[in-house]
Amino acid sequence: MQFKSLGNNRQIVSLPEAVFKGLADDGSLFMPEEIPTLSDDFFDKLQEMSLSEIAFSVLKPFLGEDLGADELKEMVESTFSFPIPLKPVDERIQVLELFHGPTQAFKDVGARFLSRLMSRLHPVTEKKMVVLTATSGDTGGAVAHGFYKVPGIDVVVLYPDGKISPYQQNQMTSLGHNIHAIAVDGAFDDCQRLVKQAFNDRSLRQDVAVTSANSINLGRLLPQMVYYFQGVARIMEQNGQKPPVVCVPSGNFGNITAAVLAHRMGLPVKRFVAATNVNDVVPRFLNSGNYEPKDTIVTLANAMDVGDPSNWPRLFELYNQDTDKIKKEIAATVVNDREIQETIKTVFSKNSYLLDPHSATGYLGLSRELKGEESGFFVSTAHPVKFLETIEAVLPDEALKIKREFGDAFEAKGTHETMNSSYKELKEYLLKL
Ligand SMILES: *Cc1c(COP(=O)(O)O)cnc(C)c1O
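The sequence shown maps to residues 5 to 437 in the numbering used here.
Shown next as structure tokens:
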């Protein structure tokens with residue numbers, strides 16, 4: 005399959021180009037040229053299939069021309085090697101837990117698959133390949149773990165020194181091998197600027213193939229479809245053929261784009277709910293018809309603190325840029341910090357289920373939007389251990405239990421380099437790797 009850009013110049017590229025470029029020449033996003041539908045035979049067997057069997061069938065139409073069947077099989081088996089269970093929360097609502105991967109967040113799925121994809125599609129050159137990423141905390145860990153020991157690729161993660169939690173820092177510094185963590189004397193914006201400078205530096209790129217692993221990469225987006233098939237399969241096992249309402253806590257809107265893609269491939273879903281924190285550019289757009297990006301507001305669900313969602317053009321395109329069509333299929337709802345705290349507290353006391361702030365947004369969004377006889381599931385995007393300060397504030401006893409369970413994960417360990425925020429030092433480092 006080929007991939008098309010969403011910008012005016014309608015660039016058509018191969019899979020390796022889409023994966024290594026990340027963005028089209030005009031800065032727009034890539035989408036699959038077409039969305040294949042899966043056969044009746046597939047859906048008849050769905051309930052009996054394992055997660056990696058599902059992944060193979062879902063991804064094959066997109067990747068099968070570039071990868072051999074054995075290769076793809078191995079990639080999905082090693083990506084989806086942790087469970088993704090569906091659990092009941094209350095009478096109408098279930099949760100699909102996406103946080104059982106190595107860094108306890110759903111971004112593990114995309115990062116693990118992308119690393120394997122890049123390693124297979126890597127053009128044969130003399131150049132050393134470096135995945136260069138700036139992180140404000142969460143993405144860096146998922147990328148580091150995803151690419152850990154992947155042959156032929158080094159990862160350099162830049163994070164602002166002293167501005168991320170020891171728990172997040174450990175996820176990048178404790179690995180070693182091909183993973184290089186660098187604490188930059190500056191803010192997240194400085195890290196991002198350094199990464200941009202490296203991408204624009206022709207003389208560096210003569211010697212080093214720098215590439216990015218950010219969340220707009222199709223190699224991260226496509227595998228995220230897989231767990232929606234898993235969730236719907238488990239629901240239909242329980243209640244026959246009644247399609248669920250699916251709620252996705254959203255920031256950059258990549259995860260919900262993957263859900264809609266899965267639906268277009270034939271997955272039965274009644275409708276979707278996109279739940280955001282108070283960074284509400286999309287909910288406001290669906291109400292008013294005006295798309296107005298805003299400065300980011302810091303919230304308890306900080307992995308969704310996004311003022312201008314990067315995947316929004318993809319989702320909009322899936323509905324032919326027709327606001328009424330989107331509104332028929334996707335309800336959008338906004339959850340504030342006070343509601344996040346209350347939800348964590350009440351769901352725990354009523355249902356003995358502990359939510360992290362992002363998942364709390366998903367739960368409340370779904371419970372608000374379910375009508376009449378509807379039922380459904382939300383996706384839980386992170387384990388509460390990652391947002392322990394919030395749990396501590398509302399459920400101190402539970403926070404203490406988690407702390408005991410995860411023990412030494414809270415003390416900074418491992419090794420990292422430190423660097424000032426001038427580009428010269430980074431360049432020398434990359435050339436010497
Ligand atoms: C990235 C992230 C999200 C938001 O996902 P998008 O695909 O950007 O909408 C939600 N929750 C957690 C924990 C995340 O890390």
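Here a beta-carbon is modelled for each residue, glycine too, at the ideal position from N, C-alpha and C.
Interface flag, residue i vs chain B, CB-CB below 7 angstroms
i, result
"D44", "Among the chains in the structure shown there is no chain B, since it carries only a single protein chain."
Residue i beta carbon near ligand 3 (any heavy atom closer than 6 angstroms)
i, result
"D142", "Summarising the ligand content, the structure contains ligand 1 and does not contain ligand 3."
Limits of the beta strand (DSSP E) - the one that residue i falls within
i, result
"R268", "R268 -> not in any beta strand (DSSP E); alpha helix (DSSP H) instead, spanning G258 to R268."
"K298", "First-last for K298: undefined, no H or E at that position."
"H149", "Element bounds for H149: not the beta strand (DSSP E) but the alpha helix (DSSP H), D142 to F151."
"K132", "K132 to A138"
Close-in-space but distant-in-sequence residues of the same chain around residue i (CB under 6 angstroms, 5 per side omitted)
i, result
"I186", "L162, E421 and M423"
"S169", "none"
"D94", "N355"
"P247", "P272, V273 and K274"
"P388", "L358, D360 and I395"
"N340", "V282"
"A213", "K131 and M133"
"T83", "R116 and F117"
"V277", "C251, A335, G369, L370 and E373"
"F24", "T215"
"P313", "N256 and F257"
Neighbour-count burial assignment, residue i, 16 or more Cβ in a 10 Å radius
i, result
"D74", "exposed"
"S207", "exposed"
"N324", "exposed"
"E373", "buried"
"Q245", "exposed"
"D189", "exposed"
"I16", "exposed"
"S54", "exposed"
"N182", "buried"
"D328", "exposed"
"Q51", "exposed"
"G235", "buried"
"R120", "buried"
"P36", "buried"
"G72", "exposed"
"G255", "buried"
"D165", "buried"
"P253", "buried"
"L304", "buried"
Segment limits, alpha helix (DSSP H) that includes residue i
i, result
"T280", "Per DSSP, T280 belongs to no alpha helix (DSSP H); it is in the beta strand (DSSP E), R275 to T280."
"R253", "The sequence shown places Pro at residue 253, rather than the Arg named in the question. First-last for P253: V249 to P253, but that is the beta strand (DSSP E), not the alpha helix (DSSP H)."
"F7", "Unbroken run through F7 is the beta strand (DSSP E), F7 to S9; no alpha helix (DSSP H)."
"A115", "K111 to L125"
"S314", "Note, S314: premise wrong, no alpha helix (DSSP H); not H, not E."
"L225", "L222 to L225"
"L290", "V285 to S292"
Cβ-based neighbour list, residue i, same chain, cut-off 7 angstroms, excluding 5 preceding and 5 following
i, result
"G145", "T107, Q172, Q175 and M176"
"L430", "L198, A202 and M423"
"K111", "D142, T143 and A146"
"T343", "It is worth fixing the name first, because residue 343 is Glu in this sequence and not Thr. Taken in chain order, the residues that qualify are L368."
"E101", "I88, P89, K91 and S384"
"A28", "S9, G11, Q15 and F34"
Coil, strand or helix - residue i by DSSP
i, result
"D158", "strand"
"A237", "helix"
"T327", "helix"
"G166", "coil"
"A307", "helix"
"G244", "coil"
"G380", "strand"
"T337", "strand"
Spatial neighbours of residue i in its chain, beta-carbon cut-off 8 angstroms, leaving aside the 5 residues before and after
i, result
"E296", "V285, R288 and F289"
"G178", "The sequence as given places Ser at residue 178; Gly does not occur at that position. So the qualifying residues of the chain are K417 and G418."
"I58", "L50, V230, F233, Q234 and A237"
Contained beta strand (DSSP E) runs [length at least 3] in the segment 78-104, N- to C-terminal order:
90-92 and 97-101
Pick out the complete alpha helix (DSSP H) segments inside the segment 383-435, 4 residues or longer, and give them in chain order.
392-398 and 400-410
Tell me the start and end of each unbroken alpha helix (DSSP H) in the segment 13-85 that is at least 4 residues and wholly inside, in chain order.
19-25, 44-49, 55-67 and 73-83
Every unbroken alpha helix (DSSP H) inside the segment 341-370 [4 residues or more]:
341-355
Could you give the uninterrupted runs of the beta strand (DSSP E) lying entirely in the segment 187-217, keeping only those of 3 residues or more?
The qualifying runs are 212-215.
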